[in-house]
C-alpha cells in the first residue's frame, strides 16, 4: 500500500527513494516498513502518508455538480496524483450514478458509467452545462452553509488548516476571507 501511494506522489526524488526501498525489501526478504531508521523507508512512508492524507481530504471536499445529461461532474487540482484512490472511494460510494472526476492540473479524468471505471485524457473544458436543478441546489447549499455558521465561532486559521485555500477554487460554498 505504501509503495503504491508513494508512486502517486509526484515529488522530486520519490522514484529514487522508492527504488532504494524496493531493493532493501528484496535484500531483506520481508517487509521493511518497521525499519524507520533507514532514509528510504522514512521517505517512502512520509510520501505515502502525504498522498493518503490528500486523497482522504479530497474525499470530503470534492463537490459533484449535475450536468445537463444527468452525469455528476467534479473537478479537482490535487498536489499528488490521487485520481485513482478518489475513483475507488466514489465507485463504492456512488455505485449507481454516472460520474466524472477531473484532475484539472494533469488533464486527466476518470469516468464511472455504473459498470466500469474508464480513464481519459481531458483538457479543462471550462464551465460545463449544468442541469436546471443544479443552480438551485448550489444556492441552497450556499444558504445552508451561511445559516449554520456562527459568526462568533469563526476561526479562519483553523478553517485554512482543515481546508487549505488551494481547494477553495472548486468548492460551491467558497469560504470567505
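Numbering (the numbering used here), first residue to last: 22 to 198.
C-beta atoms are modelled at their ideal positions from N, C-alpha and C, and glycine is treated no differently.
No experiment lies behind these values; they were computed from the predicted model shown.
Close-in-space but distant-in-sequence residues of the same chain around residue i (CB under 8 Å, 5 per side omitted)
| i | result |
| --- | --- |
| residue 93 | 85, 86, 87, 115, 118, 119, 120 and 121 |
| residue 159 | 86 and 193 |
| residue 91 | 119 and 152 |
| residue 166 | 194 |
| residue 45 | 53, 56, 59, 61 and 62 |
Limits of the unbroken alpha helix (DSSP H) element including residue i
| i | result |
| --- | --- |
| residue 177 | 177–183 |
| residue 49 | 35–49 |
| residue 26 | 23–29 |
Own chain partners of residue i with C-beta closer than 6 Å, once the 5 adjacent residues on each side are dropped
| i | result |
| --- | --- |
| residue 113 | none |
| residue 198 | Because residue 198 sits at a pLDDT of 45, beneath the cut-off of 50, its placement in the model cannot be relied upon, and the point is left open. |
The beta strand (DSSP E) enclosing residue i, as first and last residue numbers
| i | result |
| --- | --- |
| residue 65 | No beta strand (DSSP E) contains residue 65, which is instead part of the alpha helix (DSSP H) from 60–82. |
Beta-carbon contacts of residue i that lie in its chain and below 7 Å, excluding the five residues immediately before and after
| i | result |
| --- | --- |
| residue 107 | 76, 79, 80, 83 and 122 |
| residue 143 | 123, 128, 129 and 130 |
Cβ of residue i within 7 Å of any chain D Cβ
| i | result |
| --- | --- |
| residue 160 | Considering every chain present, this structure includes no chain D. It has just one protein chain. |
Selection from the options that minimises the alpha carbon distance to residue i
| i | options | result |
| --- | --- | --- |
| residue 129 | 110, 62, 95 and 135 | 95 |
| residue 70 | 22, 146, 162 and 127 | 22 |
| residue 125 | 66, 33 and 147 | 147 |
| residue 110 | 184, 91, 133 and 59 | 133 |
| residue 145 | 171, 44 and 97 | 97 |
(request) Could you tell me which uninterrupted beta strand (DSSP E) segments, each at least 3 residues in length, are contained entirely in the stretch 89–166, listed from first to last along the chain? (result) 93–97, 120–124, 129–133 and 138–142
(request) Evaluate contact between the stretch 174–192 and the stretch 150–159, counting only Cβ atoms and requiring at least three cross-stretch pairs below 8 Å. (result) no
(message) If contact is defined by three or more beta carbon pairs under 8 Å, each pair taking one atom from either stretch, is the stretch 95–104 in contact with the stretch 22–41?
(response) yes
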